[in-house]
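First the structure, in the form of structure tokens, and then the observations on it.
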Amino acid sequence: SQVPFSKIYLVLNNLEKKGWLNSTTTRPVKYSARPPQEAVEVVRMNLEKVMNEAAEYIAKELQPVYDRMSVSLQPNLLLFYGEDNIAMKMVDVILGTRRELLLALHHRLETFLEYSSRLSSVRLVEARPRIKILVSKDLIDDIHPLVEIGAEVRYRDEMFGGGAISDNREALIILEKDERYSTAIWSTHYSLIELAKSYFEKIWSTSKMVI
14 SQVPFSKIYL VLNNLEKKGW LNSTTTRPVK YSARPPQEAV EVVRMNLEKV
64 MNEAAEYIAK ELQPVYDRMS VSLQPNLLLF YGEDNIAMKM VDVILGTRRE
114 LLLALHHRLE TFLEYSSRLS SVRLVEARPR IKILVSKDLI DDIHPLVEIG
164 AEVRYRDEMF GGGAISDNRE ALIILEKDER YSTAIWSTHY SLIELAKSYF
214 EKIWSTSKMV I
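Position 42, counted from 1, in the sequence shown is what the working numbering calls 55; the numbers after and before it change by one each time, with no gaps.
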């Protein structure tokens, strides 16, 4: 085994602690091999004890961290009622965009158009996000402030629903009722944002470009 004579007892003692050997209480101490089945069972029990202690320690240390993250990462979902509230929330979503804005309008949102001059603010211009706007045909002339800062615009003869998606971070989905903006859902829920974006891109791909 090439074990130095001076370390023989140290090695034997370690093997005993691990469950592979038995020892006598006499002097000098005599060691004997345990039956393999018994030795394996002892080793299994020792490993199981170590694993249980490690699992308990890890769970105790990490659970508070996970709980804090779970609270902070919970997606928000809010409902907005009335055209004025919906319009102001849409302006807020747009002005917070830094990388990509997807905007869809299917009817005139009067309050939104009144605030449209804010959309060419220094903050939005400096960020220079990619902006894609999808509108119904009769709204093309109403979105000049965003066209002036480099937005891509396409239109459709008919649209159902509208909204805004900012940076894959938040989405405002407008629900239609009697051709009026009555209710909108705002959310940071990843799945909802992905669903809204997928629908937007599908409609965008079959829409007509504004010349």
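Virtual Cβ for every residue (Gly too), placed ideally from N, Cα, C.
Beta strand (DSSP E) segment containing residue i, residue limits
i: Asn35; result: 34-36
i: Phe93; result: 90-94
i: Glu113; result: 113-118
i: Leu147; result: 143-149
Proximity of residue i and residue j at Cβ, strictly below 9 Å
i: Lys20; j: Val56; result: no
i: Leu147; j: Arg121; result: no
i: His119; j: Ile187; result: yes
i: Lys102; j: Trp217; result: no
i: Gly175; j: Ala100; result: no
i: Glu171; j: Ser195; result: no
i: Arg167; j: Lys215; result: no
i: Pro142; j: Glu165; result: no
Which of helix, strand or coil DSSP assigns to residue i
i: Ala177; result: strand
i: Glu161; result: coil
i: Arg57; result: helix
i: Val166; result: strand
i: Ser211; result: helix
i: Met222; result: strand
i: Glu183; result: strand
i: Glu189; result: strand
i: Ile206; result: helix
i: Asn99; result: Per the sequence presented here, residue 99 reads as Ile, with Asn not at that position. Here Ile99 sits in helix by DSSP.
i: Ile198; result: strand
Burial state of residue i (16 or more Cβ within 10 Å)
i: Ile71; result: exposed
i: Lys145; result: buried
i: Glu161; result: exposed
i: Phe93; result: buried
i: Ala184; result: buried
i: Phe173; result: exposed
i: Val104; result: buried
i: Ala46; result: exposed
i: Ala68; result: exposed
i: Glu54; result: exposed
i: Glu207; result: exposed
i: Glu61; result: exposed
i: Leu152; result: buried
i: Glu225; result: Because residue 225 is not part of the residues shown, which for the chain are 14 to 224, the question remains open.
i: Leu115; result: buried
i: Glu51; result: exposed
i: Glu74; result: exposed
Limits of the unbroken alpha helix (DSSP H) element including residue i
i: Val42; result: Counting along the chain, Val42 falls outside any alpha helix (DSSP H), and DSSP gives it neither H nor E.
i: Lys30; result: 21-30
Closer than 8 Å: residue i CB and nearest the ligand MG heavy atom
i: Phe93; result: Looking for the ligand MG in the displayed structure turns up nothing, as the structure carries no ligands at all.
- Task: Mind the definition here: the stretch 109-122 touches the stretch 165-181 only if three or more C-beta pairs lie below 8 Å; say whether that holds.
- Result: Output reads yes: the stretch 165-181 touches the stretch 109-122.
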